[in-house]
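Trainee: Take 1 as the starting number for the sequence shown in this note's numbering and just add one per residue.
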Amino acid sequence: MAKVLQLNATIEAREDFSDELAIFKVRPDEPLPEGDWFVPGQYMVIGVNNTQEPELAGVQRPMSIASEPAQRNHVEFYIRRVGKPESKNPLTHSLFRLREGERVFLRPKPKGHFTIPGTVGQEDSRWRVFVSAGTGLAPFVSIARDDLTQGRPLNKTCIIHGASRPGDLGYRSELEALAEEHGLVYLPTVSRPADHPDWSGLQGRAEDRFLPDELALLEERMSLPTGTLGPENTVVLVCGLQGTIGESLVRLAKRGFVPAEKKIRKKLEIPEDLPGSFFFEQYDSEPVIDLENGALIEELKSDLGIE
Ligand SMILES: Cc1cc2nc3c(=O)[nH]c(=O)nc-3n(C[C@H](O)[C@H](O)[C@H](O)COP(=O)(O)OP(=O)(O)OC[C@H]3O[C@@H](n4cnc5c(N)ncnc54)[C@H](O)[C@@H]3O)c2cc1C
Numbered sequence: 001m002a003k004v005l006q007l008n009a010t011i012e013a014r015e016d017f018s019d020e021l022a023i024f025k026v027r028p029d030e031p032l033p034e035g036d037w038f039v040p041g042q043y044m045v046i047g048v049n050n051t052q053e054p055e056l057a058g059v060q061r062p063m064s065i066a067s068e069p070a071q072r073n074h075v076e077f078y079i080r081r082v083g084k085p086e087s088k089n090p091l092t093h094s095l096f097r098l099r100e101g102e103r104v105f106l107r108p109k110p111k112g113h114f115t116i117p118g119t120v121g122q123e124d125s126r127w128r129v130f131v132s133a134g135t136g137l138a139p140f141v142s143i144a145r146d147d148l149t150q151g152r153p154l155n156k157t158c159i160i161h162g163a164s165r166p167g168d169l170g171y172r173s174e175l176e177a178l179a180e181e182h183g184l185v186y187l188p189t190v191s192r193p194a195d196h197p198d199w200s201g202l203q204g205r206a207e208d209r210f211l212p213d214e215l216a217l218l219e220e221r222m223s224l225p226t227g228t229l230g231p232e233n234t235v236v237l238v239c240g241l242q243g244t245i246g247e248s249l250v251r252l253a254k255r256g257f258v259p260a261e262k263k264i265r266k267k268l269e270i271p272e273d274l275p276g277s278f279f280f281e282q283y284d285s286e287p288v289i290d291l292e293n294g295a296l297i298e299e300l301k302s303d304l305g306i307e
């Protein structure tokens, strides 16, 4: 039986891109700790009570932090109201009913290892390609903001962000400014361009950047010679739903990118001394790839040169 949550934070501001997509800035009652109180890429658990059906009580879900540790006025989240929830008490439906000034629950301790230190390590000097569709962008916004604050260069960071329409490209102007002023390679891509004739940018899904015919363009934007994108010069981090992650994994295996995730490594019999160069954080629970699909497993093993 779900419990009624003791609310401990206030929605200080929200910025709506549509009825289903918004940035929430949440201020906890307790002041946020001094210093690096979380590692960019981590998430917090946010909760709300269902006021329309109070008998359902509270619901909590993890949400990636989009703000940076230096931001101590609030914690920022980039959230989609899911159209077809799986639970009877979906958090996003209750949350999207709340206005500025209304109250939520925020579990105080940030969690997660989908961070630069928790994946490739801060000292790694290769290109970082961050891939996301929709709200999966959040951890990468946090990482980029923190890099800027810490004085770390952004000129070997590439952010690929997919959305169905241009209006859903959250953080676009901020990322465009980072591209212009700090050398970030920012590649927004729109999957339903037919509805938006004014869109002259890249078309297709985020993971389509890794189709054989599209890789050259990515390499050009990263100033890499055609045909050379690979784990020698690049690491890839993907965040979001299964489709984006699975397709990116399969397409990039053809360039030798090695999944870091344990279960996949075990199934592919990846030797321990072959380091991961493909990391992901998943928002849904569909298997990223079908590990029981023998033909796919054999294809991936062959792509990665595993006997
Ligand atoms: C580590 C982690 C970080 C997360 N960070 C974010 C975040 O920053 N922003 C965010 O919007 N969500 C994020 N999520 C997803 C979030 O925790 C919830 O699963 C989501 O909000 C749905 O919850 P719900 O209770 O409304 O729906 P539920 O009834 O739990 O429905 C679950 C369904 O929602 C779908 N779903 C989950 N997340 C999304 C999404 N982002 N876009 C479209 N469909 C989705 C799933 O495919 C699943 O079918 C994160 C999940 C994890 C595990």
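We put the CB at the ideal spot given by N, CA and C, even for glycine. Note that the coordinates shown come from a computational prediction; the quantities given were computed from them, not determined experimentally.
#1: For N49, which of N89, G83 and L169 has the nearest alpha-carbon?
#2: Is the beta carbon of G58 within less than 7 Å of some heavy atom of ligand 1?
#3: Taking DSSP as the reference, what is the three-state secondary structure of K267?
#4: Taking the alpha-carbon positions, what's the H196 to P166 distance?
#5: With distance defined between alpha-carbon atoms, name the residue in P108, L32 and S67 nearest to A138.
#6: CB of S64 to nearest heavy atom of ligand 1: below 7 Å?
#7: List the DSSP bridge partners of P127.
#8: Taking Cβ to Cβ, would you say R80 is nearer than 8 Å to L21?
#9: What does a CB cutoff of less than 6 Å around R145 pick up in its chain, not counting 5 residues either side in sequence?
#10: Nearest to N8 by CA position, among R14, Y43 and G101, is which residue?
#11: For M1, is the classification buried or exposed, using 16 other Cβ atoms within 10 angstroms of its Cβ as the cut-off for buried?
#12: Going by DSSP, what residues sit across from G58 in a beta bridge?
#13: Helix, strand or coil: how does DSSP classify E247 here?
#14: Between the alpha carbons of P212 and T189, how many angstroms are there, rounded?
#15: What are the uninterrupted segments assigned as alpha helix (DSSP H) that are 4 or more residues long and contained completely in the region 148-236, given in chain order?
#16: Would you please state the rounded distance, in angstroms, between the beta carbons of T131 and T228? I believe it to be under 8 Å.
#17: Taking the alpha carbon of F280 as the reference point, which residue from G112, L237, Q242 and S302 has its own alpha carbon closest?
#18: What do you reckon, is the C-beta of L98 under 7 Å from a heavy atom of ligand 1?
#19: Secondary structure at G240, three-state DSSP: helix, strand or coil?
#20: Is P79 near ligand 1, in the sense that its beta carbon is under 7 Å from a heavy atom of that ligand?
#21: Is DSSP giving S87 helix, strand or coil here?
#22: So, using beta-carbon positions, are V185 and L249 closer together than 8 Å?
#23: Determine the contact status of G41 and I143, defining contact as a CB-CB distance below 8 Å.
#24: Indicate the three-state DSSP secondary structure (helix, strand or coil) for D273 in the structure shown.
#25: Find out if the Cβ-Cβ distance for the pair L169, A177 is shorter than 8 Å.
#26: Flag V82 as yes when its Cβ comes closer than 7 Å to any non-hydrogen atom of ligand 1, and as no otherwise.
#27: Exposed or buried, which one is A133 when buried takes at least 16 other CB atoms within 10 Å?
#28: Within a Cβ cutoff of 8 Å, which residues of the same chain sit near Y283, ignoring the five residues on either side of it in sequence?
#29: I'd like to confirm the pairing. Which residues does DSSP put opposite T10 in its beta bridges?
Mentor: Looking at the atomic coordinates:
#1: N89
#2: no
#3: helix
#4: 8 Å
#5: S67
#6: yes
#7: Rather than Pro, the amino acid found at residue 127 in this sequence is Trp. DSSP, once it has assigned bridges, lists T234 as partnering W127.
#8: yes
#9: E68
#10: G101
#11: exposed
#12: N49
#13: helix
#14: 17 Å
#15: 172-182 and 215-221
#16: One detail in the question is off: residue 131 reads as Val in this sequence, not Thr. No, V131 and T228 are not in contact; Cβ-Cβ is about 19 Å, not under 8 Å.
#17: L237
#18: no
#19: strand
#20: First, the residue type needs correcting, since residue 79 is Ile and not Pro in the sequence shown. Result yes, Cβ under 7 Å from ligand 1.
#21: coil
#22: no
#23: yes
#24: coil
#25: no
#26: yes
#27: buried
#28: T135, G136, C239, G240 and L241
#29: R27 and R103
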